[in-house]
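Residue numbers (the numbering used here), protein chains in the order written: chain F, 1 to 462; chain R, 1001 to 1462; chain W, 2001 to 2462; chain E, 3001 to 3113; chain S, 4001 to 4113; chain L, 5001 to 5113. All residues carry an ideal CB built from backbone N, CA and C; glycine is no exception. Right, one structure below, let's go through it.
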Amino acid sequence: MGMAVTVLVLLVQGAWGQDTQPASPAAIAEKAQAGVEATQTAINTVWTLLAAFLVFFMQAGFAMVETGFTRAKNAANIMMKNLMDFSFGSIAFFVVGYGLMFGASNGGFFGTDKFLLAHADVATGDGLWQMAFWLFQIVFAATAATIVSGSMAERTKFGAYIAYSIVISLVIYPISGHWIWNADGWLAKLGFHDFAGSTVVHSVGGWAALAGAAILGPRIGKYVKVNGKTRAKAIPGHSITLGALGVFILWFGWFGFNPGSTTAGMNLSIATIAVTTNLAAAAGAVAAMCTAWLHFGKPDTSMALNGALAGLVAITAPCAVVSPTAAVIIGLVAGVVVVLSVEVIDKILHIDDPVGAVSVHMVCGVLGTLMVGLFASPAYIAASGVACEPGLFYGGGLKQLSVQAAGIVAVGGWVLVTAGSMFLLLKKVNLLRVSREEELRGLDIGEHGMEGYNGFQIFVTE
Amino acid sequence: MGMAVTVLVLLVQGAWGQDTQPASPAAIAEKAQAGVEATQTAINTVWTLLAAFLVFFMQAGFAMVETGFTRAKNAANIMMKNLMDFSFGSIAFFVVGYGLMFGASNGGFFGTDKFLLAHADVATGDGLWQMAFWLFQIVFAATAATIVSGSMAERTKFGAYIAYSIVISLVIYPISGHWIWNADGWLAKLGFHDFAGSTVVHSVGGWAALAGAAILGPRIGKYVKVNGKTRAKAIPGHSITLGALGVFILWFGWFGFNPGSTTAGMNLSIATIAVTTNLAAAAGAVAAMCTAWLHFGKPDTSMALNGALAGLVAITAPCAVVSPTAAVIIGLVAGVVVVLSVEVIDKILHIDDPVGAVSVHMVCGVLGTLMVGLFASPAYIAASGVACEPGLFYGGGLKQLSVQAAGIVAVGGWVLVTAGSMFLLLKKVNLLRVSREEELRGLDIGEHGMEGYNGFQIFVTE
Amino acid sequence: MGMAVTVLVLLVQGAWGQDTQPASPAAIAEKAQAGVEATQTAINTVWTLLAAFLVFFMQAGFAMVETGFTRAKNAANIMMKNLMDFSFGSIAFFVVGYGLMFGASNGGFFGTDKFLLAHADVATGDGLWQMAFWLFQIVFAATAATIVSGSMAERTKFGAYIAYSIVISLVIYPISGHWIWNADGWLAKLGFHDFAGSTVVHSVGGWAALAGAAILGPRIGKYVKVNGKTRAKAIPGHSITLGALGVFILWFGWFGFNPGSTTAGMNLSIATIAVTTNLAAAAGAVAAMCTAWLHFGKPDTSMALNGALAGLVAITAPCAVVSPTAAVIIGLVAGVVVVLSVEVIDKILHIDDPVGAVSVHMVCGVLGTLMVGLFASPAYIAASGVACEPGLFYGGGLKQLSVQAAGIVAVGGWVLVTAGSMFLLLKKVNLLRVSREEELRGLDIGEHGMEGYNGFQIFVTE
Amino acid sequence: MKLIVAYIQPEKLSDVKQALYAAEVFKLSVTNALGCGQQGGYHETYRGVDIEVNLLKKVRLEIAVNDNFVKPTVDAIVAGARTGKIGDGKIFIVPLDECIRIRTGETGSEAIG
Amino acid sequence: MKLIVAYIQPEKLSDVKQALYAAEVFKLSVTNALGCGQQGGYHETYRGVDIEVNLLKKVRLEIAVNDNFVKPTVDAIVAGARTGKIGDGKIFIVPLDECIRIRTGETGSEAIG
Amino acid sequence: MKLIVAYIQPEKLSDVKQALYAAEVFKLSVTNALGCGQQGGYHETYRGVDIEVNLLKKVRLEIAVNDNFVKPTVDAIVAGARTGKIGDGKIFIVPLDECIRIRTGETGSEAIG
Ligand SMILES: Nc1ncnc2c1ncn2[C@@H]1O[C@H](COP(=O)(O)OP(=O)(O)O)[C@@H](O)[C@H]1O
Ligand SMILES: Nc1ncnc2c1ncn2[C@@H]1O[C@H](COP(=O)(O)OP(=O)(O)O)[C@@H](O)[C@H]1O
Ligand SMILES: Nc1ncnc2c1ncn2[C@@H]1O[C@H](COP(=O)(O)OP(=O)(O)O)[C@@H](O)[C@H]1O
């Protein structure tokens, strides 16, 4: 580190050292211009890296939310899943996934080079920038992967989860990501706009979560037949404090997720994006809290927490193209929708999603993607410099909205088919679900031979 | 995101693209100058946003400290309060509060425009900067709001708390904030100096916390009459680990709070401020630990944690104008004062403040504000470029000190009267405090119909 | 804050204000050049500060890992130790340590000035930069100090721990740090390369942890004699969720630790360093998980968590000079080694290290330092601009490797002797270890007179 | 009057409660316990070190009943808890001299129900 | 000798302890329990789904006493725990054959106190 | 048949278990309890305010045995738990009318072991 400083001084002197003869104005001006360019690259790199760090930290948020909303006997398993999906995902995305997503496009469908970071030549400024961009992408890929962990919690074999998280980072996420975030992707060319990934990240995770939870079946005791009718029973989470901590961490990380998606600190609309992100989250929490209060009689804490996440997921696609007031509206809608969606999925569809991952990430991801087609405002589009048509409410007609819908359907279909087949296959060969006995005793003992909360006396009276 | 990159390249080329003819030195130089200005704006924006993100994260810290220092049966309620005060506060500050605080001043008392972010035109660079500044301000407003949650914990109706948190973000905080942080505020014009908010944020929260706790009355079992004398009893918190985690998060967030208050990364005194902030916190923890050890016979962990916060609150006003050595002294004083203050408030005044919010935020907020009048050093004032007179110990006489005192009294009076009336009103209409039965069983069940730690066996033998 | 903005505007106008007469091209160009320089300093300052904040946050990570992996009855004690080692360490490093490390060198062995931050004149740009650099250094020093807390957990007197943490921050860490990170240090001059501190920080902490744990002796019940043979017994940690949260926080903080060690945002190899850091951590987790699975029959969560940390420690020295693929390999090796090391230390050496601190920080710190001598690649050395010879696998022969080995031995010897003597002395005067009764009841009650988890029913059946 | 103490598998508690309701036994007290019986226990490892867990988690029921309710109560517990596997649990019947309802001061058989 | 088992409301524990001290009963053991009695239970909802909580948190006291202490002990418990509301709790008196103080090996009435 | 209830120091549990195994008593149930006995309790302070902790953590054993096993069991508990210091604990012996093994329906002395 001491040395690094010296080096820096040399570098700076290399560019700005006092020449022995007075330099000509032109030479000084050109040096200054070169300096400005270098500086701007540095700002963009610093910004993108710091944003990536924040997004990385969302892994801790997901881990806390998922464990907080499930039972103590599966806590160590959930930690392990969150750690390993990021770890295996990092390696898988490094080796193959990134290339499939950002490599030279084969017909708009998948990438064909940039595997193993081979394209990032550190001798060049661009090579270094590619490193920063890669880091930002890997933490996004891991976010998509980790969503599934929650919906499949408390009953999935650890090995099956590892297999799944490799496949999503290796193939499923990169391919649909390619369609949208590779400039040559077919959806990108259609004009589909998903600034920070309501669809690319959250819906992909959410659809996979839906497929997984449905194929896996509910936890023992979640649904009981009473007089021939299936009734949902509550299986409360073991730590609302950790769940809430997780939501605060996610909200914090989302300030990297959305504003960071400019991957440019020089693009000052990062400020607008941070504002819309924050307002939508706040509005989501308010709306979900009120909906739960009206609907259930009491303001359920876990629903309000889901509401904040719903607002965040919903603003992720439109964050750069809508006004703060529109962000509040989007958040409010998401907050109401997430509560209703949790109810429908639980009480009508009888799909057991312990943490509400499908409602938060898939339903609100779809919602947010559509919101672009409604609320995209020319002024904000211009300010952030993205390619997007004005939305329905800003005189843009149905054009953007229909492209958004097309993208939603395409991505949904892709993920349901691929993730669904994988889970069905795992189920077929009996690798998907733990035994009844293990489920009752808890996956911590069954899968990892340890307990999450050693020494604490935990009621075992379910 | 893929597109964003393309856009960035275009933007940069727009400014720096190779012209077909060689540009004149003057043109190059002007371009470079324009580039430098754009770059500096970007640095300031990036810095302010990142600092705001850190300050946002303090919400998680407050939530953890407050829940850690109170009982398990109220944990979900405390999470909910922390989530909702930020969420309602964000909306309230967006709609009204920000305008009252930073809008054009009406006689130095309150602002009259800038509601709903209407002034931030994203087509202009300044409009985008206004967005960043706004975000920084909202996270500050929410900090003030959330302080009260701790002192009123374990017995306040959830609805009352929501009402309170809307009012403080809507009116109370913005108005006194206007006096000090709006350049046209009457205290600002008097020369009152509160760099990052010992008074504007912490004392405001702390005075409201005092009013709330006093009007609400103590928790059941907190004070018992023994032989006609009131004796304080301890009601220990349920998780020192979460409490400590909260303090670490707050300390971390404070690096956004204080250095970020330059709202300018180009102002290099951010480094000094980070150093004084860190040293005061460390000294506060050391002093509180030693005081507790000497005074109670054992080094109480929760007091040492409070000591770190005391140092942080106390350095918040003077952080930019004092030397590192002065910061250590300020921290040491705050660490001693906070322990004594907790004792006086509990054992003499018999005001039940479960987490020590009044001592940390009000008492040390006042202390820190006065410290400006003692330790403000000309060298540091000049380096950070703020408007402040030298303190008593640096030859400035009593001038700054008396202005500081005036501000403290004005703000204290304002908050005590407004917050006090509101709490009294809520008490009158019987909306302030939960029933005895609910308090005994815990607010988690009473207010939210759930438990914070489902499955854990919790002693119920108080 | 309001004022700060005004000031900023003035500053900027000071540099860029519209002159009344048109400026000459040369004047404009020179202004631009000055602006570029100021801007670059600002970027470096902002980067270094933000990295320091992240490293500070690692304190929370250490606290969570250490408490998670130990028993509930010692939780408050561990929080206290983590808080106080940082707090006392900050003051000790401020007064003496920093000067010993970065002051003018006395023969390459220790520094002789820069005490009390006296050298940082805030009237100068460099003085402000010194503040930022100092902050970055103090958070590093505190990291070394805090490592020991884990290995000596659950049985060390609080007073002894305070004494130790003052001594390491005051003398032990700064002196060996001087050898390597002071440009005039004798190891620096030999060409020893430790970019972000595998040796300077982690090994120093790890060797002290080894000395402490060995001299202190194992916890009661950790080793039992069965038929004349000593058998290790497991003493499981009380919260895998908090342990995992701690690891996520550490990983997050490490993005400040390694990339931040450029102390220059203008040095774009920060991106490469972030990538190598992330990949090594991921590979470490994967390798440790697989090793544990193969070796113990089940994938132990705490081992996988240790694996991530092992990867992080191992990449800390070489992070700036190796390729991403090499980082994966380094991580994999560290992940395997850490599991085996935990086994050897526990089952063969019978040294009781409750959290695996010695294996993670000392063993993997040594490993990572050696890896520089194997994997240092000319292309990456050039890109990051550090002084380092190519490693064995890149045609550099044994040169760098042998210098690395020399540094490892020197630092290990220094720390073992100094820390060892201190612990032996404390043991002699009977200040090191709590009584048997206190250990059984828990240090929370014995040392701090409180409980970590009041109200929770904790099995007391060990 | 008898005091019936039963140890059952935790996951059987709701079945037992149902069976007791069907037998019109509405009052009972429940605690968590650890039990060592014929059932073997299991092995965990933590960080590679073996832990032998031979205290298994059980639920302990305590039910005070009048003499004519002893058989129905025992039958109901057996009906609810039996799976036929080792670990199903055990029932102990202890004589009960007196029973007092705190609220009313009633004693004996009236107080019990 | 008798073994007195009492279930009381958790928040009444300190009152009961006080009353027992006044009656010179200084030794007792306490556990947490869940109870199902006349008291109704309450409903929670979690994420909109109803949870019926009919096992309420109770404190279980166990006090071994000599025969002449039975009445004072019962009276003290009743005095401390009674509010007159459903849920006040119940006291069970079980015969006690023997009592041994581990430290000294004393038995019978001497050991109990 | 007797039901033996013992309160011991938590840290003595494994010694007691060992001693019971040596006496061929393999079945027992364990709960956590708080106890108030001769042992004094201790004082904690929290934030400078005194807390008197007079309920100390204890482990409660419950062991049902046939009559001929009473003495060996009591002896084993005493052997495992005695340190000679106040707080060692106490053993209570309660008559046991019946014992039923849920799995098989066996009763009496056969069921107990
Ligand atoms: N003699 C006994 N004394 C005390 N508790 C016992 C006794 N026998 C069994 N138990 C309790 O009952 C539980 C179930 O015992 P187990 O031996 O598994 O039943 P079974 O022999 O009917 O299969 C044990 O875990 C223990 O808690
Ligand atoms: N017959 C019984 N067997 C076991 N425990 C009982 C019995 N009756 C009452 N209890 C315990 O006493 C507690 C208080 O009982 P409750 O019915 O509320 O009292 P009351 O009938 O006096 O109002 C119950 O929660 C339960 O734990
Ligand atoms: N009469 C009693 N009734 C109920 N529990 C008792 C009684 N006497 C002792 N205990 C239990 O035994 C534990 C040990 O008692 P203690 O007085 O310390 O033993 P000793 O008198 O043998 O030294 C107590 O903490 C309490 O839980």
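R231(F) has its CB no nearer than 6 Å to any heavy atom of ligand 3. Per the C-alpha coordinates, the member of V2226(W), M2084(W) and S2149(W) positioned closest to G2356(W) is S2149(W).
Residues of the segment 5092-5108 of chain L that bring their beta carbon within less than 8 Å of a beta carbon in chain E comprise V5094, P5095, L5096, D5097, E5098, C5099, I5100, R5101, I5102, R5103 and G5105, in sequence order. Setting aside the 5 residues that flank it on each side, Q2404(W) is surrounded in the same chain by T2369, L2370, V2372 and G2373, each with a C-beta closer than 6 Å to its C-beta; the list follows chain order.
Under the Cβ criterion (8 Å, minimum of three pairs), the segment 116-136 of chain F does not count as touching the segment 387-400 of chain F. Residue-level contact check: L398(F) does not touch chain E, since none of the beta carbons of chain E fall below 7 Å from its beta carbon. Within the segment 2278-2311 of chain W, no residue has a Cβ lying closer than 8 Å to any Cβ of chain R. Inter-residue distance for G396(F) and W414(F) is about 28 Å (C-alpha atoms, whole angstroms). According to DSSP, residue pairing for V1366(R) in a beta bridge does not occur. If you compare the alpha carbons of F86(F), S421(F), F257(F) and V342(F) with that of V360(F), the shortest gap goes to V342(F). For chain R, the residues of the segment 5008-5041 of chain L that bring a beta carbon within less than 9 Å of one of its beta carbons are N5032 and L5034, in chain order. In the three-state reduction of the DSSP assignment, D3015(E) falls in the helix class. When G2412(W), G2365(W) and C2319(W) are compared, the shortest CA-CA separation from A2376(W) is found for C2319(W). Within chain L, the C-beta atoms nearer than 9 Å to that of L4003(S) come from V5005, F5092 and V5094, in chain order. One alpha carbon belongs to S1421(R), the other to M1152(R), and they sit about 16 Å apart. Across the segment 5046-5065 of chain L, CB contacts with chain E closer than 7 Å involve A5064, in sequence order along the chain.
For ligand 2, residues qualifying as neighbours are K3027(E), L3028(E), S3029(E), E3062(E), I3063(E), A3064(E), V3065(E), R3101(E), I3102(E), R3103(E), T3104(E), I3112(E), G3113(E), Y4007(S), A4033(S), G4035(S), C4036(S), G4037(S), Q4038(S), Q4039(S), L4056(S), K4058(S), I4086(S), G4087(S), D4088(S), G4089(S) and K4090(S), where qualification means a beta carbon closer than 7 Å to at least one of its heavy atoms (chain order). Annotated as proximal: D2113(W) and A2104(W), with beta-carbon spacing under 7 Å. Rounded to the nearest angstrom, the Cβ distance from G1307(R) to A1327(R) is 15 Å, too far for a contact under 8 Å. With a threshold of 7 Å between beta carbons, D5075(L) makes no contact with chain S. DSSP lists L4028(S) as the bridge partner or partners of C5036(L). Close to chain F, meaning a Cβ-Cβ distance shorter than 7 Å, are the following residues of the segment 1141-1164 of chain R: F1158. The straight-line gap separating the alpha-carbon atoms of K3017(E) and A2051(W) is approximately 58 Å. Taking T262(F) as the centre and dropping the five residues before and after it, the same chain places the C-beta of I270 closer than 6 Å to its C-beta, in chain order. Look at Y5021(L) here: in three-state DSSP terms it is helix. Near chain W, meaning a CB-to-CB distance below 8 Å, the residues of the segment 429-456 of chain F are D444, E447, H448, G449, M450, E451, G452, Y453, N454, G455 and F456. Under the 7 Å criterion on CB atoms, A3081(E) is classed as interfacial with respect to chain L. A residue is called buried when at least 16 other Cβ atoms come within 10 angstroms of its Cβ; T41(F) meets this threshold and is buried.
Taken through DSSP and simplified to helix, strand or coil, Y5007(L) comes out as strand.
Boundaries of the beta strand (DSSP E) around L5056(L): L5056 to V5065. For the 7 Å CB-CB criterion, I3004(E) and I3100(E) do not form a contact.
Along the segment 1323-1356 of chain R, going in chain order, the ones with a CB nearer than 7 Å to a CB of chain W are P1324, T1325 and V1328.
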